[in-house]
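Q: One structure, as structure tokens, below. Some questions next.
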Amino acid sequence: MGAKQGETINFNAGPAKIPEAVMEKAQRELINYAGTGVSILEMSHRCAEFDNVIKGCERLLREEMNIPGDYDVIFMQGGATGQFAAVPMNLAALSRKKVQPCADYAVTGSWSEKAFKEAEKYLNVVKINSPVKPYVSVNDPATWTRDTDAAYLHYCSNETINGIEMREVPETLPGVPIVADVSSNILSRPFDVSKHGIVYGGTQKNLGAAGLTIVVVQKDLIGHENKMTPSVFSYSTMSKNNSIYNTPNCFGIYLTKLVLEWIKETGVNALFDRNETKSTMIYDLIDSSDGFYSCAVNPKYRSQMNIPFRIGDPQETTCLRRSF
1 MGAKQGETIN FNAGPAKIPE AVMEKAQREL INYAGTGVSI LEMSHRCAEF DNVIKGCERL
61 LREEMNIPGD YDVIFMQGGA TGQFAAVPMN LAALSRKKVQ PCADYAVTGS WSEKAFKEAE
121 KYLNVVKINS PVKPYVSVND PATWTRDTDA AYLHYCSNET INGIEMREVP ETLPGVPIVA
181 DVSSNILSRP FDVSKHGIVY GGTQKNLGAA GLTIVVVQKD LIGHENKMTP SVFSYSTMSK
241 NNSIYNTPNC FGIYLTKLVL EWIKETGVNA LFDRNETKST MIYDLIDSSD GFYSCAVNPK
301 YRSQMNIPFR IGDPQETTCL RRSF
């Protein structure tokens, strides 16, 4: 598929390319939304028109992700990086170790490493696997050292920078909810929300523009935040106020709603098949290039979303790459 005249083929990981049909609809409605004579950019977040937008966005998200009824959907700000702090602030109290609460972290790449380091500010965190840089594989989850007293287990389903994708959900331990950062592969494949306590992600990679964070949280995990948790990071406060405790990212929610409409029309299974076909073609090209291209990631964990590769042997070309 070639680019139109004047169009740039955009391979940015995030903010990523948004479907053209979505951009065109947003363009048409930007100045006059739904005949109101008001732009979505200047519309009150408490008016009836925006209420329809945010409820419609949640409804579509529930449909496409098959979110069970005992989960809340919260629209927040701060990106996934904000959730690196929000998760421990909201869940640390669930640890059975009350004197020194703890949580387990599967560190499989740059983003889960950042989540781990942020969580260290709030509780005792343990790397349950044995990551070795550069991140090119994942230790067998069956070998992970888990703590039955942990407040939760955190993992990243797709490491954007390192091109590592966890296709299977880690095993659940009794009383230890699983938390997943799904920022860069949300709705790119079928995903079982019910195996998780919390699923979160920024929308700028798969579901729209930067500035909006989606948090799907099991209702019985809400209300345990510590006293120092800022109101805008409190799942309890945001849930009780239907995500409009303060002014939300109205345009971001609107744009995500349009992307979800596009996904619904296409179908998650169809998108998964398309992603599998495209990524397989690229990996096959890399692997059959007689070493001209190389991808060091373990084939079992190669991402369909982000494909890191080098020209030549990564070890031999380090000095050459540094010269550029």
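Quick note: the sequence shown uses the UniProt record's numbering, first residue 1, plus one each step.
Cβ coordinates follow ideal geometry from the N, Cα and C atoms, glycine included.
Quick caveat: nothing in here was measured; it's all calculated off a predicted structure.
1) Tell me which residues share the same chain as Phe84 and place their Cβ nearer than 7 Å to its Cβ, disregarding the 5 neighbours each side in the sequence.
2) Using 8 Å as the threshold, is the C-beta distance between Leu123 and Thr148 below it?
3) Find the nearest neighbour of Ile128 within the set Ala106, Gly6, Pro19 and Leu207, judged by alpha-carbon distance.
4) Would a C-beta distance cut-off of 8 Å place Val125 and Tyr152 closer than the cut-off?
5) CB-CB under 7 Å to Lys257, same chain, minus the five flanking residues each way: which ones, in chain order?
6) Who pairs with Cys156 in a beta bridge, going by DSSP?
7) Output the boundary residues of the beta strand (DSSP E) element that contains Ala103.
8) Leaving out five residues on either side along the sequence, give the residues of the same chain with a beta carbon under 6 Å from the beta carbon of Thr203.
9) Hey, is the segment 229–249 in contact with the segment 93–113, meaning 3+ C-beta pairs nearer than 8 Å?
10) In whole angstroms, what is the alpha-carbon distance linking Tyr254 and Glu261?
11) Return the CA-CA distance between Tyr235 and Leu91, expressed in angstroms with no decimal places.
12) Indicate whether Gly82 and Met89 have their beta-carbon atoms separated by less than 8 Å.
13) Compute the Euclidean distance between the alpha carbons of Ala296 and Val136, then round it to the nearest angstrom.
14) Count the other CB atoms within 10 Å of the CB of Ile9; is the residue buried (16 or more) or exposed (fewer)?
15) Which runs of the alpha helix (DSSP H) spanning at least 4 residues fall entirely within the segment 174–253, listed in chain order?
16) In chain order, what residues of the same chain lie with their CB nearer than 6 Å to the CB of His196, ignoring the 5 residues before and after it?
17) Within its chain, find whatever has a CB closer than 8 Å to the CB of Val232; leave out the 5 residues flanking it on each side and keep chain order.
18) Is it right to say Thr143 is buried, meaning 16 or more other beta carbons lie within 10 angstroms of its own, or is it exposed?
19) Quick one: residues in its chain with C-beta nearer than 6 Å to the C-beta of Asp192, no 5 flanking neighbours on either side, listed in chain order?
20) Would you kindly work out how many angstroms separate the C-alpha atoms of Ala34 and Thr145, rounded to a whole number?
21) Among Val138, Ala150 and His154, which one has its Cα closest to the Cα of Glu165?
22) Keeping to the same chain, check which residues put their C-beta closer than 6 Å to that of Ile222; ignore five residues upstream and five downstream.
23) Restricting to Cα atoms, I'd like to know which of Ser294, Pro134 and Glu171 is closest to Asp140.
24) Quick check: the Cα distance between Glu42 and Phe292, rounded to an integer number of angstroms?
25) Per DSSP, Met76 forms a beta bridge with which residues?
26) When the Cα atoms are used, what is the spatial distance from Asn269 to Lys227?
27) Among Ala26, Asn241 and Gln304, which has the Cα closest to the Cα of Glu159?
28) If I'm right that Asn185 touches Asn206 with Cβ under 8 Å, what's the distance once you round it to whole angstroms?
29) What does the alpha-carbon distance come out to for the pair Met65 and Pro134?
30) Would you kindly report the start and end of the unbroken alpha helix (DSSP H) that includes Asn275?
A: So, from the data block:
1) Lys114, Ala115, Glu118 and Ala119
2) no
3) Ala106
4) no
5) Val53, Gly56, Cys57 and Leu60
6) Asp181
7) Cys102 to Tyr105
8) Leu212 and Thr256
9) no
10) 11 Å
11) 10 Å
12) no
13) 6 Å
14) exposed
15) 235–240
16) Ile178 and Ala180
17) Met76, Gln77, Gly78, Met238, Tyr245 and Asn246
18) exposed
19) none
20) 54 Å
21) Val138
22) Tyr235, Ser236 and Ser239
23) Glu171
24) 52 Å
25) Thr213
26) 42 Å
27) Gln304
28) 7 Å
29) 32 Å
30) Val268 to Asp287
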